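The structure appears right after this line, and notes come after that.
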Amino acid sequence: MVWGMYLPSSGGAFGPYGKVEGTGTGHNMQSGWANRLQAHYRNQPSEVGRSTWGDDWDSPSKIWEYPGSVVHKFQYEIDRKALGEPWEIVAPIQSHEPPSYFLTEKSLSQLGSIISLTDRMWAMDEAAKSVIEKLEPGLHQFYRLEIRMPRNQTYPLPFYTFVCGQWLESFTPQDTAPGSFTEGNSADTKWYSINDSKAVISSLAMRRSVFKDAHCWRERGFNEWLLCFSDEAINRLIDAECTLPRHYRMKEI
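Here the numbering used here runs 278 ahead of the position in the sequence shown, where the first position is 1.
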């Protein structure tokens, strides 16, 4: 069996509202993470900037765009085009780029084991991370993330931003209920749009011949919105007493 989990965004235990590395400075109220990345970009040696980003690497537009290109590394597949950005190939994550903490808007007594952050990024707690790493060692990337809350509180359990290392094309539209998804194309990249409902996700059809023995993966086309799990992965997450967002059994073809 195969399961689908839509990006949680409730503002509660599975999708807390907040800012990555707090609120930054400047009139645009961007995150502290964006501020830090821009500062690093401006301070890099000119020869590095020029070889990586071109002769105009230090232009205001390139400095402004850099944090967005880093976000794409947590949303999209490495070494492929970013959705809607035909000129951008998603580059590997550099050591300075992962966020160090997430500041929630409200204090929370409990978080789910798998949560969403700002910019449609996913994060997992230690228990969920351990399950996925044991099933697929070395395949996915995890970066330590502290969860901070108002009044100088810190969530007691560690979290990790999650970067999926397995992207497949097992989705089969012809075997999926008509009307449950919308198909689009951007810069020669096909994408699908769905909503977070049991009826929709349960109707999505996935080919066993493609996903085979995979335990945790993303489908090209659904990108950061959908995370897929094997039956064994879901069972192990439950056995580890992980608190999971809504997830639904999908069709296996």
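The beta carbon of each residue, even a glycine, is placed where N, CA and C say it ideally should be.
Just so it is clear, the structure is predicted and the values come from calculations on it, not from any experiment.
In the same chain as Thr467, and ignoring 5 residues on each side of it, the C-beta atoms closer than 7 Å to its own belong to Lys359 and Leu361, in chain order. Around the CB of Asn513, fewer than 16 other CB atoms lie within 10 Å, so the residue is classed as exposed.
Per DSSP, the beta-bridge partners of Asp403 are Phe437. Contact check between the region 314-331 and the region 431-443: fewer than three CB pairs, one atom from each, fall below 8 Å, which does not count as touching.
Using a Cβ distance threshold of 8 Å, Arg426 and Phe380 count as a contacting pair.
By the Cβ test, the region 391-407 is in contact with the region 350-359, since at least three Cβ pairs between them sit closer than 8 Å. Less than 8 Å separates the beta-carbon of Ser458 from that of Val478. Spatial neighbours of Trp495 in its own chain (CB-CB distance under 6 Å, excluding positions within 5 residues in sequence) are listed in chain order as Gln444, Leu446 and Cys506. With 16 or more other Cβ atoms from the protein chains shown falling within 10 Å of its own Cβ, His418 counts as buried. Here Gly327 carries a helix assignment [DSSP, helix/strand/coil].
Rounded to the nearest whole angstrom, the CA to CA distance from Ser448 to Thr454 is 12 Å.
Between Pro286 and Pro523, the C-beta spacing is below 8 Å. Pro294 sits in a strand when the DSSP states are folded into three classes. The three-state secondary structure of Thr521, taken from DSSP, is coil. Around Arg485, the same chain offers Ser448, Thr450 and Ile531 as residues with beta carbons nearer than 6 Å, after the five sequence neighbours per side are excluded.
Remark: C-beta atoms of Ser508 and Ala492 approach each other more closely than 8 Å.
Taking C-beta separations shorter than 7 Å and ignoring five residues to either side along the sequence, the partners of Ala291 in its chain run Leu386, Gln388, Leu389 and Gly390, following chain order. Ala511 is positioned such that its CB atom lies closer than 8 Å to that of Leu413. Burial check for Glu299: the Cβ neighbour count within 10 Å reaches 16 or more, so the residue is buried. With respect to the 8 Å criterion, Tyr284 and Leu504 are classified as neighbours on the basis of their beta carbons. Just measuring C-alpha positions, the residue of Thr330, Cys520 and Asn473 sitting nearest Gln372 is Thr330. Rounded to the nearest whole angstrom, the CA to CA distance from Leu482 to Lys529 is 6 Å.
Residue Val349 holds the alpha-carbon nearest to the alpha-carbon of Ile367 among Ser475, Val349 and Pro376. For the pair Trp281 and Arg527, the CB atoms are nearer than the 8 Å cut-off.
Comparing alpha-carbon positions, the option among Tyr438, Gly289 and Gly462 lying closest to Pro377 turns out to be Tyr438.
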